[in-house]
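First the structure, in the form of structure tokens, and then the observations on it.
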Ligand SMILES: Cc1ncc(C[n+]2csc(CCOP(=O)(O)OP(=O)(O)O)c2C)c(N)n1
Ligand code: SF4
């Protein structure tokens, strides 16, 4: 009996991610959700610059790759031209909340009807482990080698909570992939965001707390433990904004 199989929306191209990286899990959840919603022929993904830059090799739907941080603006254009397509951008924390913070905030404020999948691994993965806006206090990065010190390096940003203060967003949830129950909850959140987009409810944002074993110099298991023990207490999981609840 087949219990689980690869989503049809994923190609057979082997993933280039490091062992234990969360990107591969989230790719699967995005692909499963699109497939279950019957949107395989009408989905358009916008990939970032960062470790997920080659994401267009892994999805069989239409895919674009935006310049660093510009995916929300590219997605805005794509969605406005194709209002009935399911449009998602897929961005790391460097891409989405550092160089691309302006695009992210304004797309959210305008209530653009697309979904951002925000992969928060608390570090710049692709470029070798520099501090990100989301790097937590005390966590070491190549640009804060003694650990992030708010007095010198500034405070980390709770991106989901910050976006929730805007009028535009419809649904914002933070999830994680550090255990099977959390993976299931992450899938539910991604699918719900896509459903709300199809219902034309407006901007949706799913933050996924992710691991980067390579740049934290941890084994894949210890990197998951880092998410459980350090990231989740600082970035609590759950629904941060849901205007559809207010409508009822
Ligand atoms: C305009 C511009 N500035 C800087 C870079 C270098 N750069 C490439 S990826 C990246 C950060 C990637 O980190 P993140 O978005 O968190 O994604 P991850 O690799 O962790 O998935 C940076 C700074 C670039 N490609 N283009
Ligand atoms: S460097 Fe980090 S984010 Fe990039 S593929 Fe490796 S584990 Fe994943």
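Residue numbers (my numbering): 12 to 259.
Glycine is no exception: its CB is placed at the ideal position from the N, C-alpha and C atoms.
In the structure shown, residue 47 adopts helical secondary structure according to DSSP, grouped into three states. With contacts defined by Cβ atoms closer than 8 Å, residue 138 and residue 68 do not form a contacting pair. In the three-state scheme derived from DSSP, where H, G and I count as helix and E and B as strand, residue 232 is classed as helix.
In the displayed model, residue 221 falls within coil according to three-state DSSP, outside both helix and strand.
By the criterion of a C-beta distance shorter than 8 Å, residue 95 is surrounded in its chain by 53, once the five residues flanking it on both sides are discounted. In this structure, DSSP gives residue 255 a helical state, which the three-state scheme calls helix. Note that the C-beta distance between residue 145 and residue 131 is below 8 Å.
A distance of 8 Å or more separates the beta carbons of residue 107 and residue 223. DSSP places residue 116 in the uninterrupted alpha helix (DSSP H) bounded by 112-121. When the beta-carbon positions are compared, residue 179 and residue 120 come within less than 8 Å of each other. Applying a distance threshold of 6 Å between residue Cβ atoms and the heavy atoms of ligand 2 selects 28, 29, 32, 34, 62, 132, 136, 137, 223, 224, 225, 226, given in chain order.
In chain order, 188 place their CB closer than 6 Å to the CB of residue 36, counting only its own chain and leaving out the 5 sequence neighbours on each side.
The residue among 42, 14, 15 with its C-alpha nearest the C-alpha of residue 197 is 42. Rounded to the nearest whole angstrom, the CA to CA distance from residue 34 to residue 201 is 14 Å. Not one heavy atom of ligand 1 lies closer than 7 Å to the C-beta of residue 169. Around the beta carbon of residue 124, a 10 Å sphere encloses 16 or more other beta carbons of the protein chains shown; the residue is thus reported as buried.
Note on geometry: alpha-carbon atoms of residue 13 and residue 199 lie some 22 Å from one another. Of the heavy atoms belonging to ligand 1, none sits nearer than 7 Å to the Cβ of residue 234.
A distance criterion of 7 Å places the beta-carbon of residue 59 in contact range of ligand 1, judged by its closest non-hydrogen atom. Between ligand 1 and the CB of residue 139, the shortest heavy atom gap is not smaller than 7 Å. For residue 187, the enclosing beta strand (DSSP E) stretches over residues 180-187. For residue 208 against residue 126, the beta-carbon gap comes to about 5 Å, under 8 Å, which counts as contact.
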